[in-house]
Structures are given as C-alpha cells and as structure tokens.
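See structure below.
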Amino acid sequence: MLSLYELFANDYTLRVVALGSAILSIISGALGTYAVLRKQSLLGDAVSHAAFPGICLVFLLTGLKNTESFLFGAFISGWIAAILIRTCVNNTPIKLDSALGIILSSFFGVGLIIITYIQKIPNSNQAGLDKFIFGQASTLLIEDIKIMTLLGAAAVFIVIVFWKEFKLFCFDKEFGNTMGFPIKVLDILLTTTIVIAIIIGLQTVGVILMSVMLVAPATAARQWTDKLWLMMIIASVFGAISGVSGTIISSLAKNIPTGPMIVIIISMITFISIIFAPKNGLLWKNIRRPLKTDSNIRLKGGS
Amino acid sequence: MSIIQIETLSIAILVAITCSLPGTFLVLRQMSMMADAISHTILLGIILGFFIVHDVNHPLLIIGAALIGVVTVFITELLNKIDLIKEDASIGLTFPFLFSIAIVLISYYARNAHIGVHAVLLGEIVFAPFNRLMINGIDFGPKALYIMGTILIINLVYIIVFYKELKIVTFDKGLAAVLGISPVIIHYSFMSIVSITCVGAFDTVGSILVIALIIGPPATAYLLTNNLKVMIGLSALFGSISATVGYAIALWLDSSIAGCIAAVIGFVFIVTFILAPKKGLLSTQLQRHSKKLEFSRLALLIHIINHGDSKEEKEECSLNSIHNHLHWNKSFLERIIDSAKRDNYIFVDKDILKITEKGKSYAVNYHQNILDRISVDN
C-alpha cells in the first residue's frame, strides 16, 4: 500500500490522469443509469462516433487545438446526431438500432472526409485530433480536468434538479404525459445531459470505448439494487474504482493504454456483479430456483 | 478512368451488394448494431490468429476473425437471457470489452507487427486493388474481388435456400416455433453469414464502411417498401449507387473513399427519411396533422350534439365560452369551426353553435364506423 501511496505522491501525471478518469467514470456512471434504463445503451456509441466530424470541423475552421473548442465541436455534432436519431425513431417506422447505425457511420464518414482534407493542408499540425478517436488519457492536463469537472457538474446538477421529472419520464412516460409534463422537452434535456457525459469521456477513453463507460457501471449497479438513486450512486462508485485502478495498472505496466484497461476492469466488475450480486445474481438465482420447484411439487403432491 | 479505378469501383459495388443481403434481415430483426459489434470484435480474432501463425497475411486470421464474430453473438445472447439486461446493453457490454482486450494485446505484444489499429479500423479501399491474385505468375486481378465474390455467392445461396425460414423467423417467431423451424439454428447460421460478410468486407473497406453498407441501404429501402423481395433488391441498388457516387466524390475531392461512401449513404437515407411517400417524415407529419383536424372536428360535432337543445346549451355551445369546455386555444378553435362551417356541418345562430342534419349524420356515421371496427377486431 505504501508503494501505491508513493506512486501517487511522486507522479504528478498519474495523479492528474487518475483524477480525470475518476471524474469521467463517475459522471458517465450516473448518466449511464438513465441511458441503460431507457434502453438507449448504444446511444453512447453513436454519439461518440458522431462527435468526430464536429471535432475536425472546429479544428479546420479555427485552427485551435485547445480542449474547450474540441469539446464544443464534439458537443454540437453529437447533439445534432442524438436529435436526428430521436426524430427518426419517433416519426418513422425506422427502429432505434438502424437509426443509430446509420447516423454513427455517416457522421464518422464525414469526419474522415474532413480529416483527410486537414491532413493535406501543408503545415497544419493535426496531431492531437487522433487522441479523440482512440483516447489518450496520458495527454490529460489539469486544465482539461477543470473543464470536465465543470461540464460534469452541470450535467449532474440538471439530473438533480429534474430528478422527479426524469424518473417519471423513464419509468412511465404515458403517465407523465397525462400529468401534463412536457415530455418532449424532458426527452431532449435528458438526451442533452447524456451527450455531455459522453463528450467528457472522449479524450480519455476514445470514441469506440466510450459507449461501455455508459453501459457497464449502470448494468453492474442494476444487479445490486432496485432503487434509482442507489443505482446511480453504485454506478458512479464502480466507475470511479475502474477509472482509478485502470490508470494505475496502465502506468505500472509498459505499453498498456489507459482507456482499454479501464474498460476491461469495468467489464470485469459488471460480469462479477451479474454472477454474484445478491438477489439478482445468477448464482443466487440458480441456488434458489431448485428449492422453489421442490416446494411446488410438494404442495401439489400434498393437495 | 484507369484500370485501377475501375477495379476499385467494382470492388466497392461488390462489397455494397454483398453487405445489403444480410443487412436487410439484420435491419428487419432489429439487430443492426450487431454489425457494429462484430465489425469491431473481429480485430480480436485477427490478433489471436496472428499470435498463432505470426503472419499478417495468413488465412487463419480471417477464420479467427469470423469465429470471434460468432463468439460475440454468443456472448451477447448469453447476457440477453439475464432478466435485468436488455438487448442493447448486452451488445454495448460485449463488443467494447472484446475490442479493449484486442487493443491491450496489440499495444503490449505486437507493437512492431504492423497491425495498425488505424489501418484495420478505418481500412482504405484504395489499397485493395494492389493486393492481387497471382497464380503461376499470371495476374488474375485483385484478390478482394474473388474474396467478396465468394462471400456474395455464399450469401445468395444461403438466402435463397433458407428464404422461407428466414422470413418466418424474422416476422413471426411464434409461427416459426409451431412449424418446427428452430429459431436458434436459423439465428446462429444467419449470424455466421453476417460475421463472414463483416470479416470479408472489413478486410477490404474498413469497419466504418461495413457498418454503413450493412445498415444504411436496407434501412433506406425499408422506408420505401413493405415487400421483402423488393426491399432486398432496393437495398442492393441503393448500396451500389451510393458506392458509385461516393467513389466519384472521393476522386473529385481527393478524399477518403470509405468516408465519402459512408457520407453518401447517410445523405441518401436522410433525404428518403424526409421525403418517403408513406413512411417519411413529411408525410407522417401531414397525416398526423390531418388526423388531428379530423378528430377535433368530430369532437366539436359530438360536443354540440351532446349539449344542443338543452338548458346548458347557452353556456356550452356559445362562441364566447365553448373553448373553456373543449380546452382548446382560440385560434385552433376558430380553425376547426371554419373548417366545419365550410362543409356545412354547423352554423351559427345568435352566437350559439348549432349542428346541421348533414353534420349530425356525419358524426353518427363516423362513430358507428369506429364501433363496427372495434367489434370486428374483437
């Protein structure tokens, strides 16, 4: 344990990266709860891919390479994609899975067009755009973390303020509608907060792995509880654990990228939860099931 | 156009047609994102295959990739069986996990092995024509043409042979079970076809274009037809057209071919999504609007029938107070009243709305029709 302490005390980069990963995982754990409950787990995948052209376009237009402008570009194109997907599903017979797939691939295609164009401009230093595709946690700076915290706090604030509304919206949309809640506005607001949570994670874990940061902590937490608030807290804790431990492992071993390591750990936590969680875990269910049928048979035989 | 360009274009069209066949059924079975999952996880199959044979061009890599595709389907199904995990979550859990393992393995062991994650994921079809099939020193054309041609034939044979089974399992699982068609066998054989298609196409055009080609054209076709055979034909057509147009744009802009084709597919989809005659955004909005007007007019007529010639008529049906009882805002109310007046369903007598004989029979008939329909349904 002492060596772990020394590791943190002596390594500034590690502290920053661990903090960043923890914040990202906490926020995506909390917001992912809604994504999973609304059966929109794969929204993260689509939105993170769709953020790519926005990042490229902002760089092309401004030439700026700071995190604020990248996140702004990512947010705008990710948000447009999310709204397009929503419009598609609500107004045509196209199902969510197809809408996600098309928006994901065509937005990413546009991103590829822009990035090949940028690469051809002489002297344009486009290094750094890549880190959003595959994620490079080691490039996190303390300024990035401040922005991430700010955005994350805003998302969490919205969730707390609209707690009752979002909860109603998730579990009984029709009832909410008859109660006179503006369902459309709530839907867009919740989607927007989920988009914020997604773009926060892009720089650390990258486009492809961001989706699991939404899905895994929430799915793991779901196995342990039936309460919404508790599920959100457990998801955030699981997220934080995997964020920090993933960072440490990747810093201890050479050549292990942080993002994928975090994903492997959170997936492990999820698989363990699925098997061992009390009440809902597979293990307990399988232990209890034979007992139940036994008593049924006995009842039938006795009567 | 040079020979190389013609070859590239024909590869692109071949991939597009090959992908649209299983894509149609994936879209109809609401499993499109499995294509996304498989096209990512096959990276793990390629890596594991590479560890065994240490040769990037070995055919075992392709077999490993196809197997991992089926393993992905299997794990997803396994997670699906758990009550608290929905289908989308099980896909979202499985593929990033397998993909992460692949990336960790690449970065840890295979740094110098020339398996660039970039190249594999974003794969450039530009290079496809340069990988040529040589037998005894004679050039038989690009390998990709033969590989994709074989996969196309496999797909065609599979779909023709199992057309009836696929159709029944896709649209009516219950009927399939009654007829003794095993959904499990059809599911896994079909997903193997998807996996083989993904692997072949992924090797040639990269995973983003695979996803675009498998999902985009069938979803576009779905907006235009309800006939399965027409849908398969249309998606093959849309796929080939998008590939051709995308390739032309890429040549013109000197840009990423995969990117351009994917963008064109998205564009074609969005245009169809807005303009499609029956299922499009515009026509559904128009339909909803006219349904709303029709229903509101009926509600107004029934309100007048209920309260006409009674004590409370003056309050309930007066032009000045009726909006309080129908809970409509005034401008909407005026529109409905104007429209009902135009058809001679109502008239105004001393600021009080009265219904005409024509209006009465219209409302009663409409009502009766609904009742009849309900009793038929039951």
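Protein sequence lines correspond, in order, to chains A and B. Numbers -5 to 297, taken from our numbering, label the letters of the first sequence in order. Numbers 2 to 379, taken from our numbering, label the letters of the second sequence in order. For glycine and all other residues, C-beta sits at the position ideal for the given N, C-alpha and C.
inquiry  = Beta-carbon within less than 8 Å of B/M135's beta-carbon, same chain only, minus the 5 sequence neighbours each way: which residues are those?
reply    = F141
ask   = Shortest alpha-carbon distance to B/C261 belongs to which of A/P251, A/V30, A/I194 and A/I107?
value = A/I107
message = Just to make sure I have the definition right: I need the residues of chain B whose C-beta is within less than 9 Å of the C-beta of A/Q130. Which are they?
response = The premise fails here: A/Q130 is roughly 12 Å from chain B at the closest Cβ pair, so nothing lies under 9 Å.
task = With a floor of 4 residues, list each alpha helix (DSSP H) that falls wholly inside the stretch 207 to 238 of chain B, ordered by position along the chain.
result = 208 to 223
task = Would you please verify whether the beta carbon of A/V30 is less than 9 Å from any beta carbon of chain B?
result = yes
ask   = Counting only beta-carbon atoms, is A/M86 nearer than 9 Å to chain B?
value = As written in the sequence, residue 86 of chain A is Thr, which differs from the Met given in the question. Output row for A/T86: interface = yes.
ask   = How long is the line joining the alpha carbons of A/L224 and A/D39, rounded to whole angstroms?
value = 25 Å
key: Residues from the stretch 197 to 216 of chain A in contact with chain D, defined by Cβ distance under 7 Å   = Of the protein chains in this structure, namely A and B, none is chain D.
message = Against chain A, does B/G281 count as a neighbour if the rule is that its beta carbon must be under 9 Å from one of theirs?
response = yes
request  = Please decide whether A/M226 counts as near chain B, where near means a Cβ-Cβ distance under 9 Å.
outcome  = no
Nearest-angstrom Cα separation, counted from A/I70 out to B/H115 = Here B/H115 scores only 49 on pLDDT, less than 50, and its place in the model is too uncertain to base an answer on.
ask   = Does the beta carbon of B/L254 sit closer than 9 Å to a beta carbon anywhere in chain A?
value = yes
task = Below 8 Å on the Cβ atoms is my guess for A/A212 versus A/G26; work out the distance and round it to an integer in Å.
result = 4 Å
query = Do you know whose CA, among B/S40, B/I356 and B/M32, lies nearest B/I197's CA?
reply = B/S40
ask   = Going along the chain, which residues of the stretch 40 to 64 of chain B sit with their C-beta nearer than 7 Å to a C-beta in chain A?
value = H41
message = Any beta carbon of chain B sitting closer than 9 Å to that of A/Y(-1)?
response = no
ask   = How many angstroms separate the CA atom of A/G14 from the CA atom of A/S239?
value = 12 Å
message = What does DSSP give as the partner residue(s) for B/R133 in the beta ladder?
response = B/P143
task = Using three-state DSSP, classify B/S362 as helix, strand or coil.
result = helix
request  = Using the DSSP secondary-structure output, state which residues sit across from B/F333 in a beta bridge.
outcome  = According to DSSP, which records beta bridges pairwise, B/F333 is partnered with nothing at all.
message = Rounding to the nearest angstrom, what Cα-Cα distance links B/S236 and B/I216 in this structure?
response = 9 Å
query = Below 8 Å, can you find three or more Cβ-Cβ pairs linking the stretch 190 to 204 of chain A to the stretch 216 to 233 of chain A?
reply = no
Where B/A114 sits in the DSSP three-state scheme = In this prediction, B/A114 has a pLDDT of 48, which is less than 50 and means its spatial position is unreliable; nothing more can be read from the coordinates.
query = Which bits of chain B does A/T264 rub up against, with CB to CB less than 8 Å?
reply = L94
task = Look up B/F348 in the DSSP assignment and say whether it is helix, strand or coil.
result = strand
request  = State the Cα-Cα distance for the pair B/I83 and B/G70, rounded to the nearest angstrom.
outcome  = 21 Å
key: Nearest residue (CA-CA) to B/R30, options A/D5, A/I88 and A/T56   = A/I88
task = Determine, using beta carbons only, whether B/A277 and A/A93 come nearer to each other than 9 Å.
result = no
request  = For B/Q31, return the contacting residues in chain A, with the cut-off set at a CB-CB distance below 7 Å.
outcome  = K89 and D91
key: Test: B/C199 CB closer than 9 Å to a CB of chain A   = no
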